[in-house]
Structures are given as C-alpha cells and as structure tokens.
Amino acid sequence: MATITTKDGTEIFYKDWGSKDAQPIMFHHGWPLSSDDWDNQMLYFLDKGYRVIAHDRRGHGRSTQTDTGNEMDSYAADVAALVAKLDLGNAIHVGHSTGGGEVARYVARAEPGRVAKAVLIGAVPPVMLQSDAHPDGVPMAVFDDFRAQLIANRAEFYRGIASGPFFGFNREGAKISQGLIDNWSRQGLAGGAKAQYDCIAAFSETDFTEDLKAINVPVLVMHGLDDQIVPFANHGPKTVELLKQGTLKAYEGLPHGMAQTHADIINPDLLAFFRS
C-alpha cells in the first residue's frame, strides 16, 4: 500500500496510476467514503492518457483512523503534503461533496504552478449550515441528527443514506443498484467512526467563501438539480458567483451521487473541460 506520513504522524493512503509524465488528475472523495468511490473515473481517465491519483482522507478508508485533525485545514494540508511528495504540477483537482470543500481550501492556498484547473461536483461550498448570514442553509438540527444516528447505529445510518437520497434511489422510477448501495456502505464502514463524526462539522459548518474568491484557475461546478444531500440552489449558483473563472453546469434530475449513477454523462463532460 502506498502511503505518506504527515507532520502529525497520520498515514495517508493513496493510489497513483499512469505515466508520471502525463498531466495529473487528483480526485477528492466525499464523506464518509474513500478513494474507491472514484474507481470508474480513474479507469476512464487513465485510459485517456492522464495520470490519476486519489487518496483516502485522514480517518477514512485505509488512512489512519485519527481522532484529531478532522477539519478542513488539516485535510488541505494533507493534500498539500501528498502533492509535494508526488511533485505534482499543472494538476487538475476534482472534488465531490466534502471533497469539493477540500479542493476549494487546497486550491486557494496551493503553490504557484501546482494547479491548472478544478472541478466541484455536488460540492459543499460556499457553506451548508443555516445562519443569519446564510438563511437558506440547512438547519443545525439536521446535522445533529446525523451525529445521533452515527452514534446509535452507524451501519444502519449509512445503509439508509446509500439506499435513499444519496443516489436518488428513493425517487419513483429510480433504477436501483444494490452494488452501489453495498459499495457505499463498505467504504463508509471501513473508516473510523470518530473521524467521520467530526467530519460532519467539517463539511457542514466550514465557510468556503474566501477560498472561492481566492481561486485563480478555471473551475467547473457540476451539480444535479435533484441533489437531496447538497441542495442545488444553495450551492452551485452561489459558488459560481464567488469564483473568478467559474462555470456552472446543472443536470436536470440527477442526484448527489451522479458521478456513479450517471458516469456516462459526467465523464465526457469532465474530459471536455480538461481538454478545453
């Protein structure tokens, strides 16, 4: 297993496939998953001649189940450490959901020459939590309920998310994939409960407004109009408004996990942006 060790002793697992001379694409997964969530995209873009990289966020997947550092600054620092170790330049960073927040925080602070472009898919920026400054956000009670369910029965909680709103399998007429449900649960349960518990605050309470304003590379914002986890209206359009070079692509009827349920649509759109 390929890993790096961060300054605080956390081991970060990663995959690195393809020619080291090819342009790198680094994928950042959502909560509470792992780099395995990107298997389809990694194989697709490897075949297109790119170098593809994905890591398990600290506390998730095969990385250390740390009880500390489960917040966005540490996540971004871990990414920077991996980028430095692999000496990635002119890279494209693609983040889904929580991973989109991680991308925003990292890219805003990245060393010159490290990043060429970024993609945010169903991503949590600018901010999820409802407040006086963000009245359209999700109430804290929703995230408190997430925490309570994780403590009470993490396995059942994750099964319910995967079989329902994440992939839109709770919609009438949805084509349900038991494999996607099982794989989602498998990834979630492979990680650490404490890290995943802490990450709920990280993805829901972090305000990425200043990060988005600071990004100086082209960013594609992809968001499903039927996203039941990270609602479109409070995220996609508001994120693009804050970016210097942002483009919004909305998908009628597609769910939060559209990169998995509709990879045949998402992958070509990603490729077109990468090549533009």
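In our numbering, the protein residues as written are 6 to 281. The beta carbon of each residue, even a glycine, is placed where N, CA and C say it ideally should be. All figures in this text were calculated on a predicted structure; none of them were measured in a lab.
My assumption, with CB atoms under 8 angstroms, is that residue i sits in contact with residue j. Please give the rounded CB distance.
i, j, result
"L259", "D231", "6 angstroms"
"A81", "G100", "Going by Cβ atoms, the distance from A81 to G100 rounds to 11 angstroms, so no, they are not a contact pair."
"N75", "D216", "Wrong, their Cβ atoms sit about 18 angstroms apart, outside the cutoff."
Please go through the same chain and pick out, in chain order, the residues whose beta-carbon is closer than 8 angstroms to the beta-carbon of residue i, but skip the five residues on each side of it.
i, result
"N45", "A264, Q265, A268 and N272"
"G118", "G94 and N95"
"I270", "Y256, L259 and M263"
"V222", "V112, V120, A121, K122, A123 and Q250"
"E107", "H33, R62, M77, Y80, A81, V84 and G100"
"A7", "F18, Y19, K20 and D21"
Have a look at residue i and residue j and give me their C-alpha separation to the nearest angstrom.
i, j, result
"K53", "M145", "43 angstroms"
"I234", "A121", "29 angstroms"
"E210", "F148", "10 angstroms"
"D150", "F278", "38 angstroms"
"F162", "L155", "6 angstroms"
"G196", "K218", "32 angstroms"
"R63", "F213", "20 angstroms"
"T73", "A200", "8 angstroms"
"Q70", "D274", "35 angstroms"
"G173", "D187", "15 angstroms"
"P130", "V143", "13 angstroms"
"D137", "L276", "39 angstroms"
"D26", "H65", "29 angstroms"
"T15", "G165", "30 angstroms"
"A290", "G105", "The question about residue 290 has no answer, for the chain in this structure spans 6 to 281."
"A198", "L38", "12 angstroms"
"R220", "F171", "What sits at residue 220 in the sequence shown is Ile, not Arg. Rounded to the nearest angstrom, the two C-alpha atoms are 28 angstroms apart."
"N175", "L185", "14 angstroms"
Can you check whether the C-beta of residue i is within less than 9 angstroms of a C-beta belonging to chain D?
i, result
"A113", "Included in the structure is just one protein chain, with no chain D present."
Within 10 angstroms of the Cβ of residue i, are there 16 or more other Cβ atoms? Answer buried if so, exposed if not.
i, result
"K243", "buried"
"D13", "exposed"
"M47", "buried"
"Q183", "exposed"
"M133", "buried"
"Q250", "exposed"
"T11", "buried"
"A157", "exposed"
"R280", "exposed"
"E177", "exposed"
"I181", "exposed"
"E246", "exposed"
"A109", "buried"
"A115", "buried"
When you compare the CB positions of residue i and residue j, do they come within less than 9 angstroms of one another, or not?
i, j, result
"I58", "M77", "no"
"W22", "R67", "no"
"L225", "V112", "no"
"A160", "L194", "yes"
"V84", "H33", "yes"
"L253", "G241", "yes"
"I97", "P29", "yes"
"Q192", "D42", "yes"
"D92", "N239", "no"
Near residue i, what residues of its chain come up, given a Cβ to Cβ distance below 6 angstroms and the 5 sequence neighbours on each side ignored?
i, result
"F237", "H228 and L230"
"W189", "A167"
"W36", "T103, C204 and F208"
"A179", "G173"
"G169", "N175"
For residue i, which residues of its own chain have a beta-carbon under 7 angstroms away from its beta-carbon, when the five flanking residues on both sides are left out?
i, result
"S24", "R56"
"H60", "I17, F18, Y19, S40 and L87"
"K90", "I9"
"E257", "L230"
"F50", "I30 and V57"
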